[in-house]
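For the sequence shown, our numbering begins at 1 and goes up steadily by one.
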Amino acid sequence: MHEFRLPGVIHFGWGAFDRLGDEASRLGERALLVTGRSAMKKTGVLGRAQSLLAEAGLAALLFDEVESDPSGSTIDRGGKLAREESCDLVVGLGGGSPMDAARGIAAMAVLEGSIIDYLRGKAVDRPGLPLVNVATTAGTASEITSVSVVLDEERELKAGVRSPFWFARAAITDPELTTMMPPALTAATGLDALTHAAESYLSTRATPPTEALALRAIALIGSNLRAAVADGDDRGAREAMALASMTAGMAFANSGLGLVHALAHPVGVRYGVAHGVACGRLLPQVLKYNAAAVPERVAAVGGVLLGRQVERPEDTVEGVESLVADVGVTIGIADLPIDEQEMPGLAQDTLASGSVRVNPRPVTEEDARAVLDDARRAG
Ligand SMILES: [Fe+2]
1 MHEFRLPGVI
11 HFGWGAFDRL
21 GDEASRLGER
31 ALLVTGRSAM
41 KKTGVLGRAQ
51 SLLAEAGLAA
61 LLFDEVESDP
71 SGSTIDRGGK
81 LAREESCDLV
91 VGLGGGSPMD
101 AARGIAAMAV
111 LEGSIIDYLR
121 GKAVDRPGLP
131 LVNVATTAGT
141 ASEITSVSVV
151 LDEERELKAG
161 VRSPFWFARA
171 AITDPELTTM
181 MPPALTAATG
191 LDALTHAAES
201 YLSTRATPPT
211 EALALRAIAL
221 IGSNLRAAVA
231 DGDDRGAREA
241 MALASMTAGM
251 AFANSGLGLV
261 HALAHPVGVR
271 YGVAHGVACG
281 RLLPQVLKYN
291 AAAVPERVAA
301 VGGVLLGRQV
311 ERPEDTVEGV
321 ESLVADVGVT
331 IGIADLPIDE
341 QEMPGLAQDT
351 LASGSVRVNP
361 RPVTEEDARA
371 VLDDARRAG
């Protein structure tokens, strides 16, 4: 037996953004609109969201304080604001950070305490405010999933909190919004999507539906990420990458991830590496590690990525490395200023992630250190 959960509705395609007003007006009258500090203002997307909500008859209060790694205190502050202002709906707008923060804020508008309590294991026992998430990148898929990645500032630890209550009531994935991403962001978010799909396919909790979705995403990324990075106006490539992000999200929301994500969070937080870049840097090394346990499955990832018969897992690793390099991301972590003394802490934080538990090859602290050591020699 297995279960499969998704948002209430997913609007996908060119012009899907225009559905925001309709969806929001079905769910509430007074929205807290959650976004980052500047990107959405510069691109005009925030203005369009405000107009769509106003035209649909909603009052929208702006919370634009989400940082690139949303902290527990930011989410708690947003939740308090939603409660004090009697908001009955939360709308997230942007990449992974604003959408994750919007999810946490919708929850904390209703729950007691701090989101950090829930990160540390307290049970989420009730739904939050209804949530609509609008994606402006193609990678994180936070509009699709039920997880909020939060920075626990006290412990300097970034981790995901999830609840079946936390799927958005409506998710909007519009390729048009992704055409505003510069090449480096297109590359980073695309490698995040590739990592989601590969880790979902290899997860011990993968099921036939999640496998089908993950493989579809990998094939789309293999054929389109280079083109989307090279020419941001390539509509075919942008649409394919938005679809890849969405399908990978549908897969990993139900299967969980794996060791790349467990490593990427501590490496990202400690050395200031963007999440998608950290994933791209570490994915080849983790595929090598996992190939010892599930060689055929690692080979299958390469087969769909490269669009040809792949029998050796090494060919998958090479195919991923060439894609990572072609989109301008460094392979491995040799250039990061990692001090030997920091290695035990990095390994411990890696093991603290729930993603390790579904990795196809079991991971001890020593294993995590060995993978990190390999990644420090790679590149
Ligand atoms: Fe990710």
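Ideal Cβ positions, reconstructed from N, Cα and C, are used throughout, including at glycine.
None of these values were measured; they are calculated from a predicted model.
Could you tell me if residue i is buried or exposed, where buried requires 16 or more neighbouring beta carbons within 10 angstroms of its beta carbon?
| i | result |
| --- | --- |
| A230 | exposed |
| E154 | exposed |
| K80 | exposed |
| R169 | buried |
| E321 | buried |
| A334 | exposed |
| H275 | buried |
| E23 | buried |
| S146 | buried |
Just curious, the alpha helix (DSSP H) that residue i is in, first and last residue?
| i | result |
| --- | --- |
| T178 | P175 to T178 |
| L215 | P208 to A230 |
| S200 | P183 to L202 |
| K122 | Note, K122: premise wrong, no alpha helix (DSSP H); not H, not E. |
| L259 | L259 to Y271 |
| S25 | L20 to L27 |
| N359 | Neither: N359 is in no alpha helix (DSSP H) and is coded neither H nor E. |
| V371 | E365 to R377 |
Taking just the CA atoms, how far does residue j sit from residue i?
| i | j | result |
| --- | --- | --- |
| S245 | Y289 | 25 Å |
| V124 | E311 | 44 Å |
| A388 | E199 | This structure leaves residue 388 out entirely; the chain is present only between 1 and 379. |
| T173 | E340 | 42 Å |
| A444 | A378 | Outside the modelled stretch of the chain, which goes from 1 to 379, sits residue 444, for which no answer is possible. |
| H11 | D373 | 43 Å |
| P344 | D234 | 44 Å |
| A159 | I218 | 25 Å |
| I221 | P284 | 16 Å |
| V358 | T204 | 5 Å |
| F17 | G92 | 12 Å |
| L351 | S73 | 24 Å |
| W14 | A370 | 45 Å |
Among residues of its own chain, excluding the 5 on either side of residue i, which ones have a beta-carbon nearer than 8 Å to its beta-carbon?
| i | result |
| --- | --- |
| E55 | G21 |
| A292 | R361 |
| Q50 | L33, A60 and L62 |
Enumerate in chain order the residues of its own chain whose CB-to-CB distance from residue i is below 7 Å, with the five nearest sequence positions on each side excluded.
| i | result |
| --- | --- |
| P295 | P313 |
| I75 | A101, G104, I105, M108, I115 and V150 |
| R238 | P175, T178, T179 and A228 |
| G319 | G302, L305 and L306 |
| T210 | S200, A251, N254 and S255 |
| A82 | L32, V90, I105, A109 and L129 |
| G57 | S25 |
Can you list, in chain order, the residues of its chain whose CB lies under 6 Å from that of residue i, leaving out five sequence neighbours each side?
| i | result |
| --- | --- |
| H196 | A248 and F252 |
| V324 | G280 and I331 |
| S355 | L257, G258, H261 and A262 |
| P183 | V229 |
| R297 | L202 |
| S148 | D100, R103, G104 and V161 |
| L336 | Y271 |
What first and last residue would you give for the beta strand (DSSP E) that runs through residue i?
| i | result |
| --- | --- |
| A59 | A59 to V66 |
| I10 | V9 to F12 |
| R162 | L157 to R162 |
| S148 | V147 to D152 |
| L131 | L131 to A135 |
Taking Cβ positions only, does residue i come closer than 7 Å to chain B?
| i | result |
| --- | --- |
| L282 | Checking the listed chains, one finds no chain B in this structure; it contains a single protein chain. |
Exercise for the section: Let me know the beta strand (DSSP E) ranges lying completely inside the region 31-108, each 3 residues or longer, listed in chain order. Expected result: 59-66 and 89-94
Problem - Residue ranges of each alpha helix (DSSP H) within the region 305-355, 4 or longer - result: 313-326 and 343-351
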